[in-house]
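Single-structure report; data block below.
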């Protein structure tokens, strides 16, 4: 809803005063369910003048709270506890009930949010600072009705902070809905001269609660300078590191693969190991091929050269044909016997020597292939045959 024009807001609204109380979890990491908010007394040195709070003021503050003054939803919602008095930030918790005890107003029922609990247990904040409108500062005015009567002694919320009472940046807000963050309605009780410049800077605790999308250049520079102080969750939030993969992000298939690896059913190998294994497989395949070739040549020699179906010098040609297509084996078997050719193959040492030399070369080639395969070396049949020929020449 648009904010109505209000003239001289500093005179019309005295502002919300921020005080401070220490806050901590117990030994079991349980956060307090109640804490003192405001106590009676006199503070003569406020920059806005002397401040005095009486027990009657505290009683009126409780009455206003119980009547829903300063609370959203007509009083059905508790007062928010924000971070560092940034009313637009997410809630660290909620004040649900208050009570006057002696000379102090207590929050007797506190509800903490997940981010509030994390901030306190992580020791990012150690104090709770309530915000209220004292009787001598004009009082609280309903933001939906700027013409309504100001109600003094109204509690409007609290904040997790580390700023000491009346030392440094204890804020007095004159206009709850100032649209400009640099508006002069935001005043500070401070002994530092340049209050406006100081107000515009943020502490690490103030920046770390922001969303990444809301960061300004100065905020990012501050985070960069203090990134070692951030939690792992904050480093992920602000982009300094990536989030670890959670188990539920894996598919069923991925989880099964991981389970198989854990149980030893699957093995994870490096690229180098895979390459070496592939080389062995290829070498073994070449060796198997060589063995097959040797068997083919031996069968041709024993069956077909012996019966004269082909001449001895045709051994390699027919072995290559059968190796390429098994159907050629049947073609060779269908060739008729030729006694003259058979006699020629048997007569003369030259023909026999050719057959013996071919068989010996093939056997040596197979041997070379086996040695290469066992060493994980990739060797083609042609390369192995060449090495076999050289070895035979050298008498190896």
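In the working numbering, the protein residues as written are 5 to 400.
Beta carbons: idealized from backbone N, C-alpha and C, even for Gly.
Given the structure is predicted, the values throughout are model-derived calculations rather than measurements.
Beta-carbon contacts of residue i that lie in its chain and below 6 angstroms, excluding the five residues immediately before and after
i	result
residue 286	382
residue 298	366 and 370
residue 139	61, 156 and 157
residue 231	244
residue 302	none
residue 161	83, 84 and 135
residue 165	88, 131 and 133
residue 388	369, 372 and 373
residue 268	none
Among the options, nearest to residue i - alpha-carbon criterion
i	options	result
residue 243	259, 257 and 224	224
residue 34	120, 212, 368 and 361	120
residue 345	308, 66, 157 and 235	308
residue 229	237, 211 and 54	211
residue 330	134, 270, 265 and 300	300
residue 385	43, 324 and 334	324
residue 70	327, 333, 387 and 112	112
residue 390	268, 372 and 377	372
residue 377	281, 306 and 394	281
residue 39	114, 310, 316 and 145	114
residue 129	89, 219, 316 and 257	89
residue 236	126, 270 and 271	126
residue 296	328, 284, 218 and 255	328
residue 317	348, 272, 334 and 166	348
residue 63	104, 110 and 306	104
residue 55	95, 142 and 36	142
residue 59	108, 36 and 102	108
residue 410	166, 36 and 255	It is not possible to answer for residue 410, since the shown part of the chain is limited to 5 through 400.
residue 95	106, 122, 257 and 101	122
residue 3	106, 392, 206 and 374	There is simply no residue 3 to check, as the chain begins at 5 and stops at 400 in what is shown.
Cβ-Cβ distance between residue i and residue j below 9 angstroms
i	j	result
residue 82	residue 155	no
residue 208	residue 233	yes
residue 124	residue 41	no
residue 86	residue 93	yes
residue 132	residue 65	no
residue 135	residue 163	yes
residue 332	residue 311	no
residue 278	residue 270	no
residue 362	residue 320	yes
residue 144	residue 68	yes
Beta-carbon contacts of residue i that lie in its chain and below 8 angstroms, excluding the five residues immediately before and after
i	result
residue 314	304, 308, 322, 336, 339 and 345
residue 396	364, 365 and 368
residue 184	The predicted position of residue 184 is uncertain, since its pLDDT is 37 and thus under 50; a value taken from the coordinates is nonetheless stated next. Here the set comprises nothing.
residue 219	211, 227 and 242
residue 265	271 and 272
Contacting residues, own chain, Cβ-Cβ under 7 angstroms from residue i (five flanking each side not counted)
i	result
residue 57	42, 44, 45 and 138
residue 146	152
residue 238	212
residue 284	377 and 380
residue 97	85, 114, 115, 116, 117 and 120
residue 394	none
residue 216	241, 242 and 243
residue 274	none
residue 392	365, 368, 369 and 372
residue 306	none
residue 263	none
Residue i at chain D interface by Cβ criterion, 9 angstroms
i	result
residue 342	Among the chains of the structure shown, chain D does not appear; only one protein chain is present.
| task | Ignoring anything shorter than 3 residues or poking outside the region 90 to 137, list the beta strand (DSSP E) runs there in chain order. | result | Runs of the beta strand (DSSP E) lying entirely within the region 90 to 137 and spanning at least 3 residues, in chain order: 97 to 105, 108 to 116 and 131 to 137.
| request: Could you pull out every unbroken beta strand (DSSP E) segment of at least 3 residues lying fully inside the region 54 to 87, listed in chain order? | output: Counting only runs of 3 or more, we get 55 to 57 and 83 to 87.
| 4 or more residues per run - each alpha helix (DSSP H) lying fully within the region 259 to 319 | Those alpha helix (DSSP H) runs which fall completely within the region 259 to 319 and span 4+ residues are 275 to 303.
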